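Quick look at the structure:
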C-alpha cells in the first residue's frame with residue numbers, strides 16, 4: 005500500500021482516524037487490520053468492550069522507523085497503530101525557537 009501525504013485513513017474496528025504527514029511504501033494497520041481511505045458511506049463496526057483500552061492518542065504523531073511513514077491522529081481509538089509488522093512510535097514534539 006502506498007501511503008500518500010494528506011490522505012485520511014480510518015480504522016473500521018475502533019474508528020481511529022489519521023492523516024498522513026509523510027508518505028511512503030508500507031501497510032498502515034490498526035486493530036490488526038489494514039486502514040481504509042476515509043470516504044462517505046464507509047461501514048464502521050459498532051464499538052465493543054475493547055474501547056476501554058488505550059490506543060492511539062488524539063493530536064499525537066506516529067512514525068514507522070522502518071519505512072518512514074508519519075501520521076497525525078485526528079480521532080482517538082483503542083487500537084494499536086503498526087506498520088511494517090512493528091508498532092509505530094509516538095514522535096516527540098519539536099521544540100520551537102525562543103521568542104526573544
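Numbering (my numbering), first residue to last: 5 to 104.
Think of the CB as a built atom: it goes at the ideal place given N, C-alpha and C, for glycine as much as any other residue.
Please read all numbers here as calculations on a predicted model, not as lab measurements.
#1: Candidates 26, 35, 16 and 33: which alpha carbon is nearest residue 43's?
#2: Taking the runs of the beta strand (DSSP E) that are 3 residues or longer, which of them lie wholly in the segment 65–98?
#3: Closer than 8 Å to a non-hydrogen atom of the ligand PLP - does that hold for the CB of residue 91?
#4: Residues in the same chain with beta-carbon distance under 8 Å from residue 70, minus the five sequence neighbours each way, listed in chain order, please.
#5: Have a look at 13, 5, 41 and 40 and flag the residue whose alpha-carbon is nearest the alpha-carbon of residue 78.
#6: Tell me residue 34's beta-bridge partners as DSSP assigns them.
#7: I need the straight-line Cα distance from residue 68 to residue 102, nearest angstrom please.
#8: Out of 18, 99 and 22, which has the shortest C-alpha to C-alpha gap to residue 11?
#9: Bridge partners for residue 28 per DSSP, in chain order?
On the basis of the data shown:
#1: Position 39 of the chain shown, counted from the first residue, corresponds to residue 43. Cα-wise, what sits closest to residue 43 is 16.
#2: 65–67, 74–79 and 85–87
#3: Because no ligand of any kind appears in the structure shown, any question about the ligand PLP cannot be addressed here.
#4: Mapped onto the chain shown, residue 70 falls at position 66. 30, 87, 88 and 90, listed in sequence order.
#5: Along the chain shown, one-based indexing puts residue 78 at 74. The residue with the shortest Cα to Cα distance from residue 78 is 13.
#6: Here residue 34 is taken as the residue at index 30 of the chain shown, counted from 1. Its beta-bridge partners are 37 and 85.
#7: On the chain shown, residue 68 is found 64 positions in, with the first residue counted as 1. On the chain shown, residue 102 is found 98 positions in, with the first residue counted as 1. Whole-angstrom Cα-Cα distance: 30 Å.
#8: To locate residue 11, count along the chain shown from 1; it is residue 7. That would be 22, whose Cα lies nearest to the Cα of residue 11.
#9: Stepping through the chain shown from its first residue, residue 28 is reached at position 24. Residue 28 pairs with 7.
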